[in-house]
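Beneath this line is the structure, given in structure tokens, with notes to follow.
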Amino acid sequence: MRAAAWWQLRICNLEKCLERTHLNGDEVRFNLILNDPIEKYLDEDVEWKGISGNYIITLGADSNAEKGSDKSLSTMKASVGAFTRMWFGVLPASSLAVSDELSASEELLKKLDNLIRLPKPKLDWEF
């Protein structure tokens, strides 16, 4: 399979993106193990190294991401691309779990599908 696109969505600073995210619905907290494949293409001397790592994610009226993990929470594993697509409303989490690099428990996927209900992104949106 091959695909080509003339634009790309990508979270470059997870903490800043999520602190500006406000969603209506029940708050969802989970661990995120995030893989950022760009790291293997960056020179060692560059300051920004991508956003791979372990995070505790809170999505809701006051969303945030903090480094770390909490054993009491469910865990999602995702690439930065798949997580970006979920966060931006391109596809629901449950669809991305089938078609992309995103995995989580069925319970967590359902909670995210119910919380993240955004209009489909449009190419002509001005940023």
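Heads up, the sequence shown is in our numbering, so the first residue is 12 and it goes up one at a time. Think of the CB as a built atom: it goes at the ideal place given N, C-alpha and C, for glycine as much as any other residue. Here the structure is a predicted model, which is why all the values come from computation and not from measurement.
Quick one: using the 10 Å Cβ neighbour count with 16 as the cut-off for buried, is residue i buried or exposed?
i: Ala76; result: buried
i: Gly92; result: buried
i: Tyr66; result: buried
i: Ala11; result: It is not possible to answer for residue 11, since the shown part of the chain is limited to 12 through 138.
i: Asp47; result: buried
i: Leu43; result: buried
For residue i, which three-state DSSP category applies?
i: Thr32; result: coil
i: Gly64; result: strand
i: Ile127; result: coil
i: Ile22; result: coil
i: Arg13; result: coil
i: Val101; result: coil
i: Ser114; result: strand
i: Ala108; result: helix
i: Glu50; result: helix
i: Lys88; result: strand
i: Ala93; result: helix
Tell me which same chain residues have a C-beta within less than 7 Å of the C-beta of residue i, skipping the five on either side of it?
i: Leu107; result: Ala93, Arg96, Met97 and Leu113
i: Ser63; result: Leu45, Asn46, Asp47 and Glu50
i: Ser80; result: Asn42, Asn65 and Ile67
Given residue i, which residues of its chain have a CB within under 6 Å of its CB, disregarding the five upstream and five downstream residues?
i: Ser105; result: Leu120 and Asp124
i: Glu38; result: Gly71
If you drop the 5 nearest sequence neighbours on each side, which residues of the same chain put their C-beta closer than 8 Å to that of residue i?
i: Ile49; result: Gly61 and Val91
i: Asn24; result: Ile62
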